[in-house]
Amino acid sequence: MSVGIDEISFYTSNYYLDLRTLAEVQNTDTEKYYQGIGQEKMSMAAPDEDVVTMAANAALPLIERVGTDSITTLMFATETGIDQSKSAGVYVHRLLNLHENCRVVELKQACYSATASIQMACALVARQPDKKVLVIASDIARYDLDSPGEATQGCGAVAMLIAADPRLVEIDPEVGNYTEDVMDFWRPNYRTNALVDGKYSTKIYLKSLKKAWQHFYEASSLAFNDFSHFCYHLPFSRMAQKAHQTLAKFNKSGLAVEQLEQQIQDTLHYNKTIGNSYTASMYIGLTSLLENCTENLANSRIGFFSYGSGCVAEFFSGRVVAGYEQFLHRDKHQQMLAARQEVSYDEYLDLYRYPDPRDGSENTIEAKTSGRFRLTEISNHKREYAAI
Ligand code: HMG
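Following the working numbering, the numbering of the sequence shown begins with 517 at its first residue and continues without gaps.
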């Protein structure tokens, strides 16, 4: 029996800032963003959106297709938590009308926790193959204004159904892990924006890649040239290019730069215009590959490198299932991205600065999202959500 990803669907906000606009205001060359970090646009969450509404929006198409009966666990991966105690997933459980016997838990380790969720979900399904686990990763990436990280903001959520005999990607049991206590990126509880040592974070990312790969290589019978495509954690798309070149060199792959580019380029389309969505980003990259690659990927082997600052990293592998293309949500995703609204720099600042009360004050939130769920108010210290 194989276990893996049976459905995948993502959501991002209906607002974006073109990085050309940011470059103009900052008097920076646009090519620094378009080429240097490989990003063109970044999604900005609407005032009435948060990780809960984005998660419910991501999962809705999947629920509409497969129903709720077989889902026995919801795992919610995020580093944009809204509560220190209650899982954001419990709100999503209600918004999606999941079964009262479905367990819910929230997981955190920077951008890595969606991968931890998937591995745990695979183990649960291996134990009870008739059950399915809904894994949702949802995040809003925020850095200080005028900091080097500003151009790498973004937001998004991805929902995946983990099941036996999956229709999209079988996940192999062998993994390579690497953990090290480092301060490359973190967000203390009193801050809304992450702190980051940007250059150091890219070095640790690449070191973790080599370490996790080495561990994977010892555990698996697969070698670098057994993979046709690679999905990397995508803080910005140039990072994946650097990572892939590093891994190819480490393995003495002998592949030309163009061949290496071809192995990752289709994973980058969506993220280039969404920005970093932390836990969700690698899996939005996988969706981009499955939905945009013109060659048939059936039976192709995909390598995954998941990285969460702090840091925990994992390399694992998957095999694309024949017939996968019938079970995607390609049109829905592409229509959602095409319908987004560009904002001016001032509108971007308004979205960035929209009050996010941390002091318990009352707040009625204006209706702005074009999604199907919204945060309506914060009242008596409670977040109120509604389906539209
Ligand atoms: P920076 O320091 O302002 O940029 O910000 P830079 O000066 O290094 O330039 C970036 C690239 O643009 C360079 O290319 C320049 O040469 C090039 P490289 O040397 O890297 O190949 N460039 C140009 N190219 C064409 N035309 C031009 C031009 N000018 C310059 N005119 C930095 C970069 C990554 C530091 C910043 O964006 C940042 O701090 N980002 C946030 C941290 C981050 O994303 N780190 C990634 C690894 S950590 C991670 O992935 C985890 C994370 O997702 C969090 C989590 O796990 O939860 C972040």
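Note that beta-carbon positions come from the ideal geometry of N, C-alpha and C, so glycine has one too.
It should be emphasised that the depicted structure is a prediction, and the values quoted were computed from it without experimental measurement.
Straight-line gap, residue i to residue j (C-alpha atoms, nearest Å)
i	j	result
Gln600	Asp742	43 Å
Ile656	Gly672	7 Å
Leu722	Tyr716	10 Å
Glu777	Thr892	44 Å
His760	Cys827	19 Å
Gln542	Ile553	16 Å
Met852	Glu565	16 Å
Tyr794	Asn787	11 Å
Gly791	Gly670	4 Å
Ile587	Ser797	24 Å
Gly714	Thr668	11 Å
Leu750	Gly801	8 Å
Tyr840	Asp875	47 Å
Phe820	Lys647	25 Å
Leu865	Tyr799	28 Å
Ile579	Ala902	17 Å
Arg888	Ser737	45 Å
Glu858	Met699	34 Å
Ala764	Asn896	54 Å
Gly605	Leu771	43 Å
Tyr706	Pro873	12 Å
Met560	Leu661	14 Å
Gln921	Gln635	Nothing about residue 921 can be reported from this structure: the residues present for the chain run from 517 to 904 only.
Neighbourhood of residue i by C-beta distance below 6 Å, restricted to the same chain and skipping five residues each side
i	result
Phe732	Gly692, Phe831
Tyr527	Met570, Asn573, Ala574, Ala673
Ala680	Met517, Val519, Val641, Pro645
Ile780	Phe746, Ala756, His760
Lys548	none
Lys727	Tyr694
Ser633	Met591, Ala593, Leu623, Val651
Arg835	Glu686, Arg817
Local conformation of residue i per DSSP, three classes
i	result
Asn787	helix
Cys671	strand
Ile720	helix
Pro751	coil
Phe843	helix
Leu614	coil
Ala772	coil
Ser629	helix
Thr596	coil
Pro577	helix
Ser525	strand
Tyr706	coil
Phe743	coil
Gly801	helix
Gly714	helix
Gly552	helix
Gly665	helix
Tyr870	coil
Glu565	coil
Thr795	helix
Cys809	coil
Lys624	coil
7 Å CB neighbourhood of residue i in its chain, flanking five on each side removed
i	result
Asp545	Ala539
Glu807	Leu844, Arg846, His849
Chain D within 8 Å of residue i, Cβ atoms only
i	result
Asp697	Looking for chain D here will not work: only one protein chain is present.
In DSSP terms, what residue i is bridged to
i	result
Glu900	Glu893
Gln857	Tyr531
Tyr607	Note: Tyr607 sits in no beta bridge, so no partner.
Asp655	Gly672
Arg835	Glu686, Arg817
Thr695	Val828
Lys557	Asp534
Thr880	Glu893
Thr487	Residue 487 cannot be examined here, being either before or after the span of the chain that is shown, 517 to 904.
Leu677	Glu523, Leu650
Ser822	Glu830
Phe701	Val712
Cβ distance (whole Å) where residue i is taken to contact residue j below 8 Å
i	j	result
Ile598	Arg899	6 Å
Phe592	Val582	Phe592 to Val582, Cβ: 18 Å. No contact.
Leu725	Ala626	About 15 Å separates the two Cβ atoms, so there is no contact after all.
Leu867	Tyr628	Leu867 to Tyr628, Cβ: 27 Å. No contact.
Leu684	Ile521	5 Å
Thr596	Val567	5 Å
Ala838	Ala855	Ala838 to Ala855, Cβ: 32 Å. No contact.
Thr537	Ser860	7 Å
Contacting residues, own chain, Cβ-Cβ under 8 Å from residue i (five flanking each side not counted)
i	result
Ser804	Asp782, Thr783, Leu784, His785, Tyr786, Asn787
Ala710	Ala657, Arg658, Tyr659, Gly665, Phe701, Trp702, Arg703
Glu882	Pro563, Asp564
Thr584	Leu612, Asn613, Leu614, His615, Cys618
Taking 5 Å as the limit, name every residue whose beta carbon sits nearer than that to some heavy atom of the ligand GTP, in sequence order.
Questions concerning the ligand GTP fall outside what the structure shown contains, since the ligands it does hold are the ligand HMG.
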